[in-house]
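Residue numbering for the sequence shown follows my numbering, starting at 5 and increasing by one per position.
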Amino acid sequence: MAAFIATALVVYSIFVGALFLFQRNMMYYPGHHLPTPAESGVAEMAVVRVTTGDGLELTSWYGKATAIKPTIVFFQGNAGTIAGRSFKVRRYLDAGYGVFLVGYRGYGGNPGKPMEQGLYADGRAALRYLENVGVPSAEWIFYGESLGSGVAVEMAHEWARRIPVGAVILEAPFTSMGDAAAEHYPFVPARLLVRDRYASVDKIAGIRAPLLIIHGEADRTVPKALGKRLF
5 MAAFIATALV VYSIFVGALF LFQRNMMYYP GHHLPTPAES GVAEMAVVRV
55 TTGDGLELTS WYGKATAIKP TIVFFQGNAG TIAGRSFKVR RYLDAGYGVF
105 LVGYRGYGGN PGKPMEQGLY ADGRAALRYL ENVGVPSAEW IFYGESLGSG
155 VAVEMAHEWA RRIPVGAVIL EAPFTSMGDA AAEHYPFVPA RLLVRDRYAS
205 VDKIAGIRAP LLIIHGEADR TVPKALGKRL F
């Protein structure tokens, strides 16, 4: 019996160690090929390059507003590329909204490796670009999809100290990555192991912007309860 328990503890320790070491491989699933905007059904969007605070040059897509409308800044989820979100923003472009699809490090052929602070740096670079082309923060609508909700909340929280953004939309958001991980791995101390926390629950009250949360009843990746706790 003692030998069985010892073996089980060793196996458990190896499993937990593997989760800790390879967690970012399990958290981020970047697509590496990025087609053109035209190939993705958003031909009017331009390919733009933004430079992050740590010196990476990243590819994003930007379509200017064609009416007196805000610009939607889209922070994608953890898988694929910005091209895979073109169907989501098509309707906004048709309605005259500006759209900025934020390209993350390590996604779509961009240099670098994705991690929490890195994605925040990528978001800041995108927003600096918009400021530089004359789109003020009051005209930004942040749209955060799943993991991107954590980036959107962080950006809104940071900009609230200056001029708050126009609005924030969160699709399938979560309170924190630790809470989300605990839903999938209840038998390990997930909240202690997670490096990239994306702790939106600690920031959401400070965004100072109108907030819309969208969440599916049958979402198996991010339980609806985690999204409701942010509202």
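Using N, Cα and C, we set each Cβ at its ideal position, and we do this for glycine too. Model, not experiment: these values are computed from the prediction.
Residue environment, residue i, which counts as buried when at least 16 other CB atoms sit within 10 Å
i	result
Glu175	buried
Glu43	exposed
Ala6	exposed
Leu38	buried
Asn136	exposed
Asp58	exposed
Thr56	buried
Ala185	buried
Ile173	buried
Ile9	exposed
Gly116	buried
Leu25	exposed
Leu13	exposed
Asn29	exposed
Gly67	buried
Gly81	buried
Ala156	buried
Among the options, the one whose alpha carbon lies nearest that of residue i
i	options	result
Tyr202	Ile218, Ser90 and Met159	Met159
Pro177	Arg53, Ile9 and Arg224	Arg224
Ala99	Leu196, Lys73 and Ile167	Lys73
Ile217	Gly21, Glu120, Tyr32 and Thr179	Thr179
Glu120	Glu221, Arg132, Leu151 and Asn136	Leu151
Ser141	Val205, Pro190 and Leu131	Leu131
Ala69	Met30, Leu60 and Val93	Val93
Gly148	Met31, His219, Asn114 and Phe26	His219
Ala50	Leu196, Pro118, Lys207 and Ser90	Ser90
Tyr111	Ser153, Ala194 and Leu62	Leu62
Tyr101	Pro115, Val77 and Ile173	Val77
Ser153	Leu230, Ala71 and Ala222	Leu230
Leu60	Gly81, Lys228, Ala125 and Gly21	Ala125
Pro168	Ser64, Val226, Ile208 and Trp65	Ile208
Arg233	Leu97, Asp183, Ala222 and Arg195	Asp183
Leu97	Ala47, Gly113 and Glu187	Ala47
Thr40	Lys228, Ser64, Pro34 and Gln27	Ser64
Val226	Gly138, Ala156 and Glu187	Glu187
Gly21	Pro193, Arg166 and Ala222	Pro193
Arg244	Leu196, Thr11 and Gly45	Residue coverage of the chain in this structure runs from 5 to 235, which leaves residue 244 outside it and unanswerable.
Presumed contact (8 Å Cβ cut-off) between residue i and residue j, rounded CB distance
i	j	result
Val54	Ala129	4 Å
Phe146	Phe235	Phe146 to Phe235, Cβ: 16 Å. No contact.
Thr75	Leu134	7 Å
Val198	Met181	5 Å
Pro118	Tyr189	No, Pro118 and Tyr189 are not in contact; Cβ-Cβ is about 20 Å, not under 8 Å.
Gly170	Trp144	6 Å
The segment 98–111 in contact with the segment 67–87 per 3-pair CB rule at 8 Å: Result yes; three or more Cβ-Cβ pairs closer than 8 Å.
Every unbroken beta strand (DSSP E) within the segment 52–92, with a cutoff of 3 residues, ordered by chain: Restricted to the segment 52–92, the beta strand (DSSP E) segments that are unbroken, complete and at least 3 residues in length are 61–67 and 75–79, listed in chain order.
Three or more C-beta pairs below 8 Å linking the segment 160–172 and the segment 206–213: Taking a contact to require three or more Cβ pairs closer than 8 Å, the segment 160–172 and the segment 206–213 qualify as touching.
Runs of beta strand (DSSP E) lying entirely within the segment 202–229, each at least 3 residues, in chain order: List check, beta strand (DSSP E) in window: 215–218.
Any beta strand (DSSP E) of 3 or more consecutive residues that is wholly inside the segment 143–177: The qualifying runs are 144–149 and 171–175.
Complete runs of the alpha helix (DSSP H) confined to the segment 114–142 [at least 4 residues]: When DSSP assignments are scanned along the segment 114–142, the uninterrupted stretches of alpha helix (DSSP H) that are 4 or more residues long and fall wholly within it turn out to be 120–136.
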